[in-house]
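Residue numbers (the working numbering): 3 to 520.
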């Protein structure tokens with residue numbers, strides 16, 4: 003009986019895949035911990051633990067279902083240089099005539115699995131992951147390499163394609179997008195009403211010991227009890243919790259930021275679903291998540307309004323599918339884009355959180371503690387600072403890719419290099435998402451706890467974001483002066499007295515020259 007080896011990557015834990023509809027003793031499923039995957043970037047320890055624990059749980063579930071599974075830990079794979087070496091060894095050991103894999107979502111892995119040489123007499127077959135809503139074959143119909151494709155237009159087509167929140171051919175409620183309704187700040191009294199986040203207690207002490215035993219470099223707060231879901235059942239529980247307790251206020255406060263010094267253990271999570279890890283490793287299907295949220299909306303009898311559900315649907319049906327399309331339409335060149343010629347090194351406090359800027363201290367500190375920050379913290383705090391400071395997008399990419407539990411290159415890179423850093427020259431966003439201290443004051447409580455004065459643009463105690471913002475806009479005037487979404491900024495700048503402009507620019511330059519001391 004001919005033997006087939008099937009590879010399951012750490013982000014391919016899809017129990018509903020057609021591979022698993024029937025058992026077959028001639029098929030061996032391979033799930034393996036590899037140094038190749040721990041070492042391709044500098045990872046947060048909780049991210050590694052979440053992937054390895056989920057892989058182990060999935061292997062156990064497949065085994066209980068009657069499948070033939072090889073789950074290999076770092077102890078088992080230590081002698082193999084990389085994934086192809088391991089696959090070749092197993093194919094030879096079991097006399098495999100066929101090697102099969104699901105198409106990876108990351109370019110580097112797709113190239114590796116398509117190009118390495120298999121043993122003689124063993125053929126290779128590639129399958130779809132059966133996960134995304136926009137078929138891989140349709141990406142080139144929606145996206146053109148090197149050209150901007152408006153997310154809003156894409157999102158509307160997806161709404162029509164899947165008949166989600168539609169009344170015939172028109173959007174439910176007469177509007178496609180309720181983003182303007184979803185920008186409220188949380189006050190102290192409102193924060194008291196935020197439900198405590200649902201977390202789990204998955205033991206990962208053995209994984210941490212393996213990482214130490216094999217000298218795997220990592221960072222972030224290590225904990226022997228992991229709060230992230232590592233099984234499909236846990237992921238479904240988190241989805242149900244979100245739909246019941248968080249969705250009613252999700253959109254309303256999705257841009258709000260609260261500092262952890264409030265002492266409230268909800269401040270790091272708020273009304274966000276935290277489902278992205280479970281979805282990205284495919285424990286949950288995106289349509290399963292959308293359907294659950296829509297069902298909660300329909301039965302809520304007005305407790306969940308249209309702005310809340312639309313904002314959530316837009317993130318999954320719109321944005322998530324959109325950035326995947328941008329990634330595959332533009333790789334591998336996308337990874338080298340640096341439209342603003344940013345070259346500064348990432349400040350050292352991105353690895354410690356030890357900075358006097360309270361917004362960065364809070365967002366980075368939370369990221370180090372939980373391997374998590376919500377989308378506005380990523381875009382408008384850490385991302386905004388790196389943009390204003392001109393940090394090399396390669397370094398920004400690697401930090402985001404390593405620190406967040408849900409980060410995989412296909413979703414991280416367009417969000418970071420594109421949306422956050424404008425390094426792609428406008429393929430994702432139509433403007434640079436740059437902001438001064440006023441944005442932080444408007445959307446967070448960070449500024450009240452900060453050593454810098456958010457209202458000041460000059461002086462040693464002035465908020466660095468203010469002068470860095472104008473320094474950024476001034477040095478990139480040729481790029482953004484004619485941008486319809488940013489042009490008005492220069493009219494405001496030009497109305498300032500010249501001595502005021504020079505003082506702001508001088509403070510901005512001081513901040514750049516002393517960036518590691520901020």
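By construction, the Cβ of each residue, glycine as well, lies at the ideal position given by its N, Cα and C atoms. Please read all numbers here as calculations on a predicted model, not as lab measurements.
| Query | Result |
| --- | --- |
| Out of curiosity, what's the CA-to-CA distance linking residue 287 and residue 437? | 35 Å |
| Taking the DSSP output, what are the residues bridged to residue 415? | Answer by DSSP bridge pairing: none, since residue 415 is not bridged. |
| Indicate the three-state DSSP secondary structure (helix, strand or coil) for residue 264 in the structure shown. | Here the model assigns residue 264 a pLDDT of 42, short of 50, so the residue's position is not dependable, and the following value carries that caveat. The answer is helix: DSSP assigns residue 264 an H, G or I state. |
| Would you say residue 52 and residue 407 are within 7 Å of each other, going by their C-beta atoms? | yes |
| Between the Cα of residue 1 and those of 167, 132, 336, 299, spot the shortest distance and give me the residue it belongs to. | The structure shown does not extend to residue 1, since the chain is modelled only from 3 through 520, so no value can be given for it. |
| Assign residue 119 to one of two classes, buried (16 or more other C-beta atoms within 10 Å of its C-beta) or exposed (fewer than that). | exposed |
| Quick one: Cα of residue 355 to Cα of residue 328, how far? | 31 Å |
| How would you call residue 67, buried or exposed, if buried means at least 16 neighbouring beta carbons within 10 angstroms? | exposed |
| Cutting at 6 Å between CB atoms, please list the residues of its own chain near residue 411, excluding the five before and the five after it. | 108 |
| Which term fits residue 404, buried or exposed, when burial requires 16 or more other beta carbons within 10 angstroms of its beta carbon? | buried |
| Enumerate in chain order the residues of its own chain whose CB-to-CB distance from residue 358 is below 8 Å, with the five nearest sequence positions on each side excluded. | 452, 453, 454, 520 |
| Where do the N-terminal and C-terminal ends of the alpha helix (DSSP H) with residue 245 fall, by residue? | From DSSP, residue 245 is part of no alpha helix (DSSP H); its letter is neither H nor E. |
| Mapping the DSSP letters down to three states, classify residue 125 as helix, strand or coil. | strand |
| State yes or no: is the C-beta of residue 30 within less than 7 Å of the C-beta of residue 72? | yes |
| Could you check if residue 518 is buried or exposed, using at least 16 other CB atoms within 10 Å of its CB as the buried criterion? | exposed |
| In three-state terms, what does DSSP make of residue 462? | coil |
| Helix, strand or coil: how does DSSP classify residue 162 here? | helix |
| So is the beta-carbon of residue 116 under 6 Å away from any non-hydrogen atom of the ligand ADP? | Only the bare structure without any ligand can be found here, which leaves the ligand ADP out of the picture. |
| Cutting at 6 Å between CB atoms, please list the residues of its own chain near residue 371, excluding the five before and the five after it. | 223 |
| Does the stretch 380-400 touch the stretch 337-353, meaning 3 or more C-beta pairs lie closer than 8 Å? | yes |
| Thinking just about the alpha-carbon of each residue, which of 253, 110, 229 is nearest to the one in residue 85? | 110 |
| Count the other C-beta atoms from every protein chain shown that fall within 10 angstroms of the C-beta of residue 246, then say buried if there are 16 or more, exposed otherwise. | exposed |
| Considering Cα atoms alone, identify which of 78, 88, 488, 143 is closest to residue 115. | 88 |
| Please classify residue 455: does DSSP put it in a helix, a strand, or coil? | strand |
| Report, in whole angstroms, the separation of the C-beta atoms of residue 386 and residue 325, which I expect to be a contact under 8 Å. | The Cβ separation is near 18 Å, so there is no contact. |
| Give me the residue from 299, 427, 373, 291 with the minimum Cα distance to residue 332. | 427 |
| Return the CA-CA distance between residue 260 and residue 276, expressed in angstroms with no decimal places. | 16 Å |
| Do residue 340 and residue 425 count as a contact pair if the criterion is CB distance below 7 Å? | yes |
| Thinking residue 257 and residue 185 are a contact (beta carbons under 8 Å), I'd like their distance in whole angstroms, please. | 5 Å |
| Can you list, in chain order, the stretches of the alpha helix (DSSP H) that have 4 or more residues and sit fully within the stretch 482-513? | 489-497 |
| Within 10 angstroms of its Cβ, does residue 214 collect 16 or more other Cβ (buried), or is it exposed? | exposed |
| Could you tell me which of 495, 468, 478 sits nearest to residue 513, measuring between CA atoms? | 468 |
| Looking at the structure shown, is residue 45 part of a helix, part of a strand, or coil, going by DSSP? | strand |
| For the structure I just gave you, are there three or more beta carbon pairs, one from the stretch 301-313 and one from the stretch 165-180, closer than 8 Å? | yes |
| Starting from the C-beta of residue 139, find all residues in its chain whose C-beta is less than 8 Å away, skip the five residues before and the five after it, and write them out in chain order. | none |
| Does the separation of the CB atoms of residue 231 and residue 252 fall below 7 Å? | no |
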